[in-house]
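Novice: Provided herewith is a single structure, encoded as structure tokens, for subsequent inquiry.
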Amino acid sequence: MTKRSLVAKSIALAAIVALAVAMFFVGKGHTVYLDTNAVTIAGKEARAPDLSSVVFDDNEPEEMGRAERVIANAIGAKHSVKVESLDGDGKKAERTIRIPTSWEDVSISIPALLAGAPDSAVMTLYAALDRVDEPAEKTVQQVESDVIKLEPLTVP
Amino acid sequence: MKNKFKLFLIDNAVVVVFVLLIAIAIPLAGMPGKYLLQEVLTRLGRNAFLVLALLLPIMAGMGLNFGMVLGAMAGQIGLIFVSSWSIRGIPGLVLAVILATPIAVLLGYVCGSVLNKAKGREMVTGYILAFFMNGIYQLLVLYAMGSLIPIGNPELLLSRGYGIRNVVDLIGVRQSLDKVLQLTVAGIKLPIATYLVIAAMCAFIVWFKRTKLGQDMRAVGQERAVSLASGIPVERTRIIAIIISTVLAAVGQIIFLQNLGTLNTYNSHEQTGMFSIAALLIGGASVRKASIPNVIVGVVLFHLMFIVSPMAGKNLIGSAQLGEFFRQFISYGVIALSLVLFAWKRQANEDASRASLRGGASKGGAA
Amino acid sequence: MSGVKAFVADFGLPRIIIAVFLLALFVIAPFVGVSLTSSFINVTARFGMNGIMVLAMVPMIQSGCGLNFGLPLGVIAGLLGATLGIEFGLTGIAGFGVATLITLTLGAIFGFGYGKLLNRVKGDEMMIATYVGFSSVMLMSMAWIVLPYKSPTMIWGFAGEGLRTTISVEGFWDKILSNFLAVRIGPEFVFPTGMVLVFAICVALVWFFLHLKTGTAMTAVGSNPVYARASGIDVNRMRLVSVVLSTMLGGFGILVYQQSFGFIQLYEGPFSMAFPAVAAILIGGASVNKANMVNVFVGTFLFQGILTMTPSVINSVIKADFSEVIRVIISNGMILYALTRKTKVAR
Amino acid sequence: MRGRIARSARRPSGRARRGKATMNSIEPILSLRGVGKAYDGTRVLENVSFDVLPGEIVGLVGENGAGKTTLMRILFGMTVIAETGGYEGQISLSGARVSFKSPFDALDAGIGMVHQEFSLVPGFTATENILLNRESLESTMLVDLFGKRMSVLDRGLMDRRASKAIERLGVPLDASMLVKEMPIGHKQFTEIARELDRENVKLLVLDEPTAVLTESEAEALLSALKILASQGIAIIFISHRLHEVLAICDKVVVLRDGKLIKETRNEGLTLREVASLMVGRSLEKAATIRPVSERPSGTPILEIEGLWVDMPGETVRDVCLSVSKGEILGIGGLAGQGKLGLPNGIMGLFPAGGSVKLDGKSVPLNAPRKTLDAGMAFVSEDRRGVGLLLDEGIDWNIAFTAMQVKGTAVIPLLGGLFQWRSDVAMRELALEYIAALDIKCTGPHQRAGNLSGGNQQKVCLAKAFALKPKLLFVSEPTRGIDVGAKRLVLDTLRRYNREYGTTIVMVSSELEELRSICDRIAIIDEGSVAGILPPEAPIEDFGLLMAGRLAREAAAKEAAK
């Protein structure tokens, strides 16, 4: 191997690894739960407007009442949330949030956002209720196909 | 003129037969043309890349690469990891390809080495190797994942705590390639980016044939002994052909699955090989010769038949199941037929090539 | 030391591993609460069920046609025989007898066509056999829907569209061979004397055939076709005879299998028949062009032993059902091993 | 040896060609000194020394087995030489001692070789074949990543290089034509052009280059070789067509039994002289051949007319031959001329046509069983491929054919419905022949594959004798077996001929062997019988019969003068 090709190969390998790492961060997906539940910030209860318009990234605006939840998919870390009260009080807020890569799903509190609370209060790690695993649709035996077992051909 | 036409028919007998078959089946199925068009265009994007993966081993004289299933497995492992880390969209696909490639290279190396030990019966060996590796794949995915190999997302796992579920929802990457630059023409959606990737692949193959490696593969494919005598590393060249094919199959499977959006963990790869091979053969390719037009024509014809035959069967006999069986029959049958025709042709050619040496007495002087 | 090496080289490492593995399973079995007797009886029953299909590999291997991946063709003959027998409403020994007759006749016809085909594609037999087998299975699947069977035990009751996927032979010839002279051992287990006996008779017949002048010629064809031709043997005819024989045996094999299993499996059933039989005879020590009766016995026993023992023993030991995966790896690994070994006589 | 010293001054090669006056002061391109080789104690080459000068064409002649092939293998560093213990003596190329590890080293050093069999890729053009694995390349971006093989072919440069090589050869060869569409002569030119593309080619070795060519093609080739020599390339020309050798060579080197018999300038040489040099040797007192008066003659047992056989490499074109009852007829000739095709064709192993009569009854061709039934048997030259079931025991090997053809060792069961193979009878038959032919083995069950070559040959003979044939074809019975076994095999044949009156047709490449046992010897050349001679005939007559039709005509002219 010549020195030149060694260098080229090293660079290519590094580039691929770098690309993989970049993809990992750029493509990291999160499910974002936008909630209008009332929250308590610093001992004060913050309530959402009766009706508000919420825009997540470039998604269509969602009209939300109180104690509602909208689920949005997010790719990458940086996202923007825009809230506008439709109660007529003209309250507005916009914030760019950064979701840590290690967090799978996050919830974003709209009242907290409107109240101008710090990021840590606006965005929290989404704690799922204990998910009940529904029983697997097939038993293992069925899964493990025979040497030549044909599932009905479904190339949809 | 008439003769030329006849020759064309003989050379493309398989294609002609399928065109006729489909021409009969389409009216029987009674499906709207727009629907058919949409389906065929979608499937072209979905499958063409996989079929392209078969070309190089044919060029290197190794026949139909039944071992491409190994690549499909590698692609699926890549997708499982990407799903488990919930990397989505194009980045998810790119990452899946980056993960799948080293696995595919390794599997391709193994496959190529095994096939080198079974020269002359590469196809059946590759075929069995695919089943064998399927066992290893199951061991890995059904037992090791979630226990030895950490899987971040418990949703992917079976309720017993390890092993990947039968069906993995690829929601994160679903059609993320197809949707890039997607065009809608007269209500028909065209996955332009996918087509571009396929076109790039075709361009690569055309270019590859002009490289030294491509030239060596052609030489090895035609005359192994002569190539060896002229110093071409025959075994290595054959292994490389299989490695490239396996890697392409891995990428092809990722493209295939991103379009479908769901991964049947234990089945998706199994029929990849057969469908791709059947499609290529229907496109007019043989065990020794295959080209990019064969791929495109084959995918279109094969999938047209796939779409219309259940409905045609139902309308004809009143049984959709019949059409279902019919299309499986065709998939297997076309492979059997093509192998038989090729074996016959080879024997006929051998006889013909020696015909000039026979009947020496006709030169006179027999007294 | 060199003796051990020679033995390993001759017998093949994979076979030794498999034999040791099975031995280990038997040794471990009592310690994890798996009854040895019941295991043994189980193995015997499966041995009788599958033996003839393994035997069906022998003629084609001997004549140099390679591993019979086209076994489904014989199985189809067996399915037709069985379903026709039921259609005629025949039960008991008469029913089984008629089914056998039809099976053998059809097996001979199918085998003849199949053999003619294989003679024209020398060198590519195995791959073509596989796909001819598969496509004929699919063709028959269509036929099962279309054929005008009437017997109510076989057709879908409400839809009225073709035959059922599985048909019970209860009331026809369920365990007719297995129960013949059966010996009851313990409360649950019955030794299927009749079935094992029939298997033994079949083995004896094939052995007898291979000892005839014709059988000798067939062996020579497989051993060195050029030698055979130089000795005045019609190589193609010998190959044809072997394919016919293999196909007929395959058909009868599935009948014996069905009577013990209790069901006829139509549609995609025949798919899964060839590979285990191929793997079994290879595990028994056969190569791609040489097989004998000992290979059949040893191979069927080892392979069925592993199939029976792994689920129970491995499950008890590590609480995970590896058995299917192990089966896939062992059977295909064995075939792969046989294919990649250099055969001694070039074809 | 020849009084030339290798360290003389180098002269421009152009002046060197055919320059007898300057010969002594020119450095030879190739110089062999005392080269020898033995395989497993059998000596095949002994103390061979000669030189090849720039621009000189050296004709290398000799019978099969004279050592030509071995010499070329040594020169090319074929691995088989090193694997069997290397060679003796030294080889120098342009004054420098060389010892090649592989043919590729030899190629790099400037030696080109054109083999008898084409080594071409049929689906490639002439250009692609000429430059096979030496293509002109253009680097690409991927070269650094994946190695040189990711370069793109530079088709333009390749075309230019190929045309240059073809031009040098001076023949009309279409560089863009696919090899499979070429006439045979052009394939041969392609092969030579491939060697010429190497910049440094100094020495070209051609092994029977005209064997497959038509007369006009051969002429074109010969003049092309002359052109090459005039460019300073040295050529070693191996051919059995002696008239070609005399037509173009500057020097003739004759090998016989591994020894250099004669090295002489091609001045005033006659065909007869060369032919006798090639085959001549002191004939051992052939006490074993029948005196002329006792030789069977008259009643023909086998009559062959217009026989053609399509046996690859041994094509029979048109043979007419009659074999007398009770005689031993020898069939000789050089390799590739069709002598092997004769028995193989009659016995139905290769497609054949024409008329063959045994005892006046016509025997159908292409049906091995019919010829066996008629009473003919065959011991093939290809023992391991055709003659034996290597995986089976001696008993099977000996008894099988007789069992199938004559029902030997068969017990009829149920009134002949089944024909049971009697392993006991097979064993007895095997034991009988093991004793009769003195087969060294552990017993009748020993696998034939484990026997030595000589004993395998005896098993093959036993197989044929067990058929009790009227006429026995024996093909190369002593090939690849040791001296002691050779004698035994020949004695056995003679005994069966004398004791049982079996007519024997023996095909052999070893003329001496034929002359030691046969009553008559037919020489096959170019697929037909060149002539039939008694064993006592002058040796050069045999040589001339083998040297080709044109050579015979030329010799006749010489004689007429």
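Protein chains in written order, with this note's numbering: chain A, 1 to 156; chain B, 1 to 367; chain C, 1 to 347; chain D, 1 to 561.
Heads up, the beta-carbon is just placed ideally off N, CA and C, and yes, glycines get one too.
Per DSSP, what kind of secondary structure is Ser508(D) in: helix, strand or coil?
Specialist: As a first step, residue 508(D) is located in the fourth sequence; it is residue number 508 there, counting from the start. Ser508(D) falls in the coil class under three-state DSSP.
Novice: Taking all protein chains shown into account, do 16 or more other C-beta atoms lie within 10 angstroms of the C-beta of Gly375(D), making it buried, or fewer, making it exposed?
Specialist: The residue labelled residue 375(D) in the question sits at position 375 within the fourth sequence. Per the 10 Å Cβ criterion, buried.
Novice: In chain C, which residues lie with their C-beta within 8 angstroms of the C-beta of Thr125(B)?
Specialist: The count along the second sequence starts at 1 and reaches residue 125(B) at position 125. Residues of chain C passing the Cβ test: Leu336, Leu339, Thr340.
Novice: Leaving out five residues before and five after Phe302(B) in sequence, what residues of the same chain have Cβ atoms less than 7 angstroms from its Cβ?
Specialist: As a working note, residue 302(B) is residue 302 in the second sequence. Around Phe302(B): Ala278, Ala279, Ile282.
Novice: Identify each residue in the stretch 227-256 of chain C for which the Cβ-Cβ distance to at least one residue of chain D is less than 8 angstroms, and report them in chain order.
Specialist: Answer set for the stretch 227-256 of chain C: Tyr227, Arg229, Ala230, Ser231, Gly232, Ile233, Asp234.
Novice: When the cut-off is 8 angstroms and only beta carbons count, does Glu392(D) lie next to chain C?
Specialist: Locating residue 392(D) in the fourth sequence gives position 392, where the first residue counts as 1. Output row for Glu392(D): interface = yes.
Novice: I want to verify the contact list: residues of chain A whose CB lies under 7 angstroms from the CB of Leu137(D), in sequence order.
Specialist: Residue 137(D) sits at position 137 when you count from the first residue of the fourth sequence. Neighbours of Leu137(D) on chain A: none; closest Cβ ~15 angstroms, over 7 angstroms.
Novice: Could you round the C-beta distance between Ala367(D) and Gly348(D) to whole angstroms and report it? I think they count as a contact, below 8 angstroms.
Specialist: What you label residue 367(D) is simply residue 367 of the fourth sequence in a count that begins at 1. What you label residue 348(D) is simply residue 348 of the fourth sequence in a count that begins at 1. Indeed, because the Cβ distance is near 5 angstroms, the residues count as touching under 8 angstroms.
Novice: Just how far apart, CA to CA, sit Arg552(D) and Leu545(D)?
Specialist: In the fourth sequence, the residue the question calls residue 552(D) occupies position 552. In the fourth sequence, the residue the question calls residue 545(D) occupies position 545. Roughly 7 angstroms between the two C-alpha positions.
Novice: Is the Cβ-Cβ distance between Ile504(D) and Val474(D) less than 8 angstroms?
Specialist: Indexing the fourth sequence from 1 puts residue 504(D) at position 504. Indexing the fourth sequence from 1 puts residue 474(D) at position 474. Cβ distance < 8 angstroms, so Ile504(D) and Val474(D) count as in contact.
Novice: To the nearest angstrom, report how far apart Arg447(D) and Asp391(D) are at their CA atoms.
Specialist: Numbered from 1 along the fourth sequence, position 447 holds the residue referred to as residue 447(D). Numbered from 1 along the fourth sequence, position 391 holds the residue referred to as residue 391(D). Distance between the alpha carbons of Arg447(D) and Asp391(D): 6 angstroms.
Novice: For a test of the three-state rule: what should DSSP assign to Trp611(D), helix, strand or coil?
Specialist: Outside the displayed span of chain D (1 to 561) sits residue 611(D), for which this structure offers no information.
Novice: Output, in sequence order along the chain, the residues in the stretch 5-33 of chain A whose CB is closer than 9 angstroms to any CB in chain B.
Specialist: Going along the stretch 5-33 of chain A in chain order, one finds Ile16, Val17, Leu19, Ala20, Ala22, Met23, Phe24, Phe25, Val26, Gly27, Lys28, Gly29, His30, Thr31 with a Cβ nearer than 9 angstroms to chain B.
Novice: Can you confirm whether the stretch 225-240 of chain C touches the stretch 248-257 of chain C when touching is taken to mean that 3 or more C-beta pairs between the two stretches lie within less than 8 angstroms?
Specialist: Touching, no.
Novice: Between the Cα of Ile184(D) and the Cα atoms of Thr210(D), Asp541(D), Ile166(D), Val35(D), which residue gives the shortest distance?
Specialist: Within the fourth sequence, residue 184(D) is the residue found at index 184, counting from 1. That would be Thr210(D), whose Cα lies nearest to the Cα of Ile184(D).
Novice: Less than 8 angstroms between CB atoms is the rule here; does Gly333(B) satisfy it with respect to chain A?
Specialist: Looking up residue 333(B) in the second sequence gives position 333. Gly333(B) does not count as touching chain A.
Novice: Name the one or two DSSP bridge partners that Lys357(D) has.
Specialist: Within the fourth sequence, residue 357(D) is the residue found at index 357, counting from 1. The partner list for Lys357(D) (beta bridge, DSSP) reads Glu303(D), Ser362(D).
Novice: With distances taken Cα to Cα, identify the nearest neighbour of Val121(D) among Ala343(B), Ala312(B), Gly221(B).
Specialist: Your numbering for residue 121(D) matches position 121 in the fourth sequence. Answer by Cα proximity: Gly221(B).
Novice: What residue range is occupied by the uninterrupted alpha helix (DSSP H) comprising Leu157(D)?
Specialist: In the fourth sequence, residue 157(D) corresponds to position 157, counting from 1. Leu157(D) -> alpha helix (DSSP H) spans 155-169.
Novice: Going along the stretch 304-335 of chain C in order, which residues come within less than 9 angstroms of chain B, judged by CB to CB distance?
Specialist: The stretch 304-335 of chain C vs chain B, Cβ under 9 angstroms: Ala320, Phe322, Glu324, Val325, Ile326, Arg327, Val328, Ile329, Ile330, Ser331, Asn332, Gly333, Ile335.
Novice: Measuring CB atoms only, is the stretch 284-300 of chain B touching the stretch 311-328 of chain B, in the sense that at least three cross pairs come out at less than 8 angstroms?
Specialist: As far as the Cβ criterion goes, the stretch 284-300 of chain B does not touch the stretch 311-328 of chain B, which means the pair count is below three.
Novice: Counting only beta-carbon atoms, is Ser230(B) nearer than 8 angstroms to chain D?
Specialist: Residue 230(B) sits at position 230 when you count from the first residue of the second sequence. So, interface residue.
Novice: Given 8 angstroms as the limit, is there contact between the stretch 258-265 of chain B and the stretch 160-180 of chain B, that is, 3 or more CB pairs closer than that?
Specialist: Flag = yes, the stretch 258-265 of chain B and the stretch 160-180 of chain B touch.
Novice: Interface residues of chain A around Asp144(D) at Cβ under 7 angstroms?
Specialist: Position 144 of the fourth sequence, counted from the start, is the residue given in the question as residue 144(D). Ordered by position in chain A, the residues that pass the 7 angstroms Cβ test against Asp144(D) are Arg4, Ser5, Ala8.
Novice: Going along the stretch 45-65 of chain A in order, which residues come within less than 7 angstroms of chain B, judged by CB to CB distance?
Specialist: Within the stretch 45-65 of chain A, no residue has a Cβ that lies closer than 7 angstroms to any Cβ of chain B.
Novice: Would Lys212(B) pass as an interface residue toward chain D - the criterion being a Cβ-Cβ separation below 8 angstroms?
Specialist: What you label residue 212(B) is simply residue 212 of the second sequence in a count that begins at 1. Output row for Lys212(B): interface = yes.
Novice: Check the Cβ of Val386(D) against every Cβ in chain C and list those closer than 9 angstroms, keeping chain order.
Specialist: One-based indexing of the fourth sequence puts residue 386(D) at position 386. Correct list: Asn224, Val226, Tyr227, Arg229, Ala230.
Novice: Taking buried to mean at least 16 other C-beta atoms within 10 Å of its own C-beta, is Ile517(D) buried or exposed?
Specialist: Within the fourth sequence, numbered from 1, the residue matching residue 517(D) stands at position 517. Buried, by the Cβ-count rule.
Novice: Cβ atoms of Glu208(D) and Leu511(D): under 8 angstroms apart, would you say?
Specialist: As a first step, residue 511(D) is located in the fourth sequence; it is residue number 511 there, counting from the start. As a first step, residue 208(D) is located in the fourth sequence; it is residue number 208 there, counting from the start. Taking 8 angstroms as the Cβ cut-off, Leu511(D) and Glu208(D) do not qualify as a contacting pair.
Novice: Exposed or buried, what is Glu558(D) when buried is set at 16 or more other beta-carbons lying within 10 Å of its beta-carbon?
Specialist: Within the fourth sequence, numbered from 1, the residue matching residue 558(D) stands at position 558. Result: exposed.
Novice: For the stretch 75-99 of chain C, which residues have a beta carbon sitting closer than 8 angstroms to at least one beta carbon of chain D?
Specialist: If the cut-off is 8 angstroms between Cβ atoms, the stretch 75-99 of chain C has nothing near chain D.
Novice: Give the residues of chain B in contact with Lys148(D), contact being defined as C-beta atoms less than 8 angstroms apart.
Specialist: Residue 148(D) sits at position 148 when you count from the first residue of the fourth sequence. Residues of chain B passing the Cβ test: Lys212.
Novice: Applying a beta-carbon distance threshold of less than 8 angstroms, which residues of chain B neighbour Gly123(D)?
Specialist: Within the fourth sequence, residue 123(D) is the residue found at index 123, counting from 1. Those are Arg218, Gln222, listed as they occur along chain B.
Novice: Let me know the secondary structure DSSP gives His269(B) once reduced to three states.
Specialist: Here residue 269(B) refers to the residue found at position 269 of the second sequence. DSSP places His269(B) in coil when its eight states are reduced to three.
Novice: Does Val287(B) have its Cβ less than 8 angstroms from a Cβ in chain D?
Specialist: The residue given as residue 287(B) occupies position 287 in the second sequence. No, no contact with chain D.
Novice: With DSSP run on the structure shown, which of helix, strand or coil describes Gly45(B)?
Specialist: For the purposes of this step, residue 45(B) is taken as residue 45 along the second sequence, with counting starting at 1. Reduced to three states, the DSSP call for Gly45(B) is helix.
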